[in-house]
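Engineer: When you read off a place in the sequence shown, starting at 1, and then add 46, the result is the number in our numbering. Could you have a look at this structure, given as structure tokens, before my questions?
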Amino acid sequence: MSAVVPDRPVVTRFAPSPTGRLHLGHAHSALAGWRAARDAGGRFLLRIEDIDPVRCRPEFTAGILEDLAWLGLDWDGPVRIQSQHLATYGAALARLEAAGLTYPCFCTRRDIQAEIARAGGAPHGAEGPLYPGTCRRLPAGERRARMAAGESWAIRLDVAAAMARTGPLAWTDRRRGRQTARPDLLGDVVLARKDVPTSYHLAVTVDDAVQGVTLVTRGVDLFEATHVHRLLQALLGLPEPEWDHHPLLTDAAGRRYAKRDRAVTLAAMRAAGMTPAAVRALAGFA
47 MSAVVPDRPV VTRFAPSPTG RLHLGHAHSA LAGWRAARDA GGRFLLRIED
97 IDPVRCRPEF TAGILEDLAW LGLDWDGPVR IQSQHLATYG AALARLEAAG
147 LTYPCFCTRR DIQAEIARAG GAPHGAEGPL YPGTCRRLPA GERRARMAAG
197 ESWAIRLDVA AAMARTGPLA WTDRRRGRQT ARPDLLGDVV LARKDVPTSY
247 HLAVTVDDAV QGVTLVTRGV DLFEATHVHR LLQALLGLPE PEWDHHPLLT
297 DAAGRRYAKR DRAVTLAAMR AAGMTPAAVR ALAGFA
């Protein structure tokens, strides 16, 4: 069970997806990482997580850069654009496949729901009912034939086999201390799809290592995902950072700020005449 290396230079990052303009919750997260780095004399990096070809747009990437600069945030080095590094994620996936730790899954959401219903229910994880492992049991020949026939598929991580390979793991959150890694809480997560050659879990794990991130600052809604990220780090021989999962910023009604709820954007606040200092104060960083 590895431990965090002490006394490393602090390197944090802000990694939004360009699926819309930034809102106050994004400002809080960006400022948390920026402040953690700057207070320690470290480095603050910016990454654009644009692996979703349907929802991500270049104009939103430009808007992110504009909003952060307006807030007064600066970052070190070039911006890392995930869509420019698909080969890097593909190489990591190939290592896991070669180790026999992945399998193709042909199940649609409807298939999964039907299988869960037939089984009388399924264990629930942080992201809902766990995948029941239907395609984990398919013969290799059937897998190859179905992929060759052009069926849609996803590559899943065989978490039980992966955990057997690594043995016990742990990770450190600055607010909650040392945590026992429980990647089984999320089940056999998706690492790639036929039309998207990587997933959030795989890409973020690889990127944090490539960029030399030593402190991952992000919202508490991603706390459970860290169990899987720690497993992937161990499987791929990547260094273990610290994590700081900060509380989510909420509005007056107690709801978290979210794009899907049409949260007021920083651009709209700027257009209404608010100053960067006023927005930083609303985001909890006066």
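Cβ coordinates follow ideal geometry from the N, Cα and C atoms, glycine included.
With a threshold of 7 Å on Cβ separation, who are the neighbours of Pro322 within its own chain once the five nearest residues in sequence on each side are excluded?
Structural biologist: Numbered from its first residue, the sequence shown carries residue 322 at position 276. Excluding sequence neighbours, Pro322 sits near Trp116, Leu117 and Gly118.
Engineer: Whose C-beta lies closer than 7 Å to the C-beta of Glu197 among residues of the same chain, with five residues either side of it excluded?
Structural biologist: Numbered from its first residue, the sequence shown carries residue 197 at position 151. The answer, listed in chain order, is Phe152.
Engineer: Can you tell me whether DSSP reads Ile97 as helix, strand or coil?
Structural biologist: Taking the sequence shown and counting its residues from 1, the one referred to as residue 97 is at position 51. In this structure, Ile97 counts as coil in the three-state DSSP scheme.
Engineer: In terms of residues, what are the limits of the beta strand (DSSP E) holding His292?
Structural biologist: Taking the sequence shown and counting its residues from 1, the one referred to as residue 292 is at position 246. Taken as a continuous stretch (DSSP letters only), the beta strand (DSSP E) holding His292 covers Glu288 to His292.
Engineer: Give a yes or no on contact between the stretch 234 to 253 and the stretch 119 to 134, applying the rule of three or more CB pairs nearer than 8 Å.
Structural biologist: Touching, per the Cβ criterion.
Engineer: Kindly list the residues whose CB is nearer than 7 Å to the CB of Ser48, restricted to its own chain and excluding five residues on each side of it in sequence; keep chain order.
Structural biologist: For this step, residue 48 is matched to residue 2 along the sequence shown. Because Ser48 carries a pLDDT of 45, less than 50, the predicted location of this residue cannot be relied on, and the following value inherits that uncertainty. Result list for Ser48: Glu286, in chain order.
Engineer: Mind pulling the alpha helix (DSSP H) runs of 4 or more residues that sit fully within the stretch 48 to 123?
Structural biologist: Qualifying alpha helix (DSSP H) stretches, in chain order: 70 to 85 and 104 to 117.
Engineer: 8 Å is my cut-off, CB to CB: does Gly213 come that close to chain D?
Structural biologist: Checking the listed chains, one finds no chain D in this structure; it contains a single protein chain.
Engineer: Measure the C-alpha to C-alpha separation of Met320 and Ala133 and round it to an integer number of angstroms.
Structural biologist: Numbered from 1 along the sequence shown, position 274 holds the residue referred to as residue 320. Numbered from 1 along the sequence shown, position 87 holds the residue referred to as residue 133. Each residue's alpha carbon lies about 42 Å from the other.
Engineer: Look up Cys151 in the DSSP assignment and give the residues it is bridged to.
Structural biologist: The residue given as residue 151 occupies position 105 in the sequence shown. Beta-bridge pairing links Cys151 to Ala200.
Engineer: Need the endpoints of the beta strand (DSSP E) that Val262 sits in, please.
Structural biologist: On the sequence shown, position 216 is the one that residue 262 refers to. Start and end: Leu261 to Gly265.
Engineer: Just mark Asp290 as buried or exposed, buried being the case when its beta carbon has 16 or more other beta carbons within 10 Å.
Structural biologist: Taking the sequence shown and counting its residues from 1, one reaches residue 290 at position 244. It is buried - the Cβ of Asp290 has at least 16 other Cβ atoms within 10 Å.
Engineer: From the DSSP output, in three-state form, read off Val236 for me.
Structural biologist: Residue mapping note: residue 236 aligns to position 190 of the sequence shown, counting from 1. The answer is strand: DSSP assigns Val236 an E or B state.
Engineer: Could you have a look at Val229 and say whether DSSP puts it in helix, strand or coil?
Structural biologist: Reading the sequence shown from its first residue, position 183 is the one you call residue 229. According to the sequence displayed, residue 229 carries Pro and not Val. Looking at Pro229 - three-state DSSP - the assignment turns out to be helix.
Engineer: Under the three-state reduction of DSSP, which class applies to Gly187: helix, strand or coil?
Structural biologist: Translated into positions along the sequence shown, residue 187 becomes position 141. Helix, per DSSP.
Engineer: Taking 8 Å as the limit between beta carbons, can you name the residues of its chain near Trp199, skipping five residues before and five after?
Structural biologist: In the sequence shown, residue 199 corresponds to position 153, counting from 1. Excluding sequence neighbours, Trp199 sits near Pro150, Cys151, Phe152, Arg192, Met193, Arg239 and Lys240.
Engineer: Is DSSP giving Thr296 helix, strand or coil here?
Structural biologist: Stepping through the sequence shown from its first residue, residue 296 is reached at position 250. Residue state, collapsed to three classes: strand.
Engineer: Going by DSSP in three states, Ala206 sits in which element: helix, strand or coil?
Structural biologist: For this step, residue 206 is matched to residue 160 along the sequence shown. Of the three classes helix, strand and coil, the one that applies to Ala206 here is helix, per DSSP.
Engineer: Which stretch, first to last residue, makes up the beta strand (DSSP E) that contains Asp219?
Structural biologist: In the sequence shown, counting from the first residue as 1, residue 219 sits at position 173. Where Asp219 is concerned, the enclosing beta strand (DSSP E) stretches over Ala216 to Asp219.
Engineer: List the DSSP bridge partners of Ile337.
Structural biologist: Residue 337 falls outside the range modelled here, since the chain spans only 47 to 332, and no answer is possible.
Engineer: Under 8 Å by Cβ, that's how I've got Val57 and Gly258 pegged, so tell me the actual separation to the nearest angstrom.
Structural biologist: Taking the first residue of the sequence shown as 1, we reach residue 57 at position 11. Taking the first residue of the sequence shown as 1, we reach residue 258 at position 212. 5 Å between Cβ atoms; contact.
Engineer: In angstroms, rounded to a whole number, what distance separates the CA positions of Pro104 and Arg164?
Structural biologist: Position 58 of the sequence shown holds residue 104. Position 118 of the sequence shown holds residue 164. The straight-line gap from Cα to Cα measures roughly 44 Å.
Engineer: Smallest Cα separation from Arg316: which of Leu277, Trp121, Arg93 and Asp113?
Structural biologist: Residue 316 sits at position 270 when you count from the first residue of the sequence shown. Considering only alpha carbons, the answer is Asp113.
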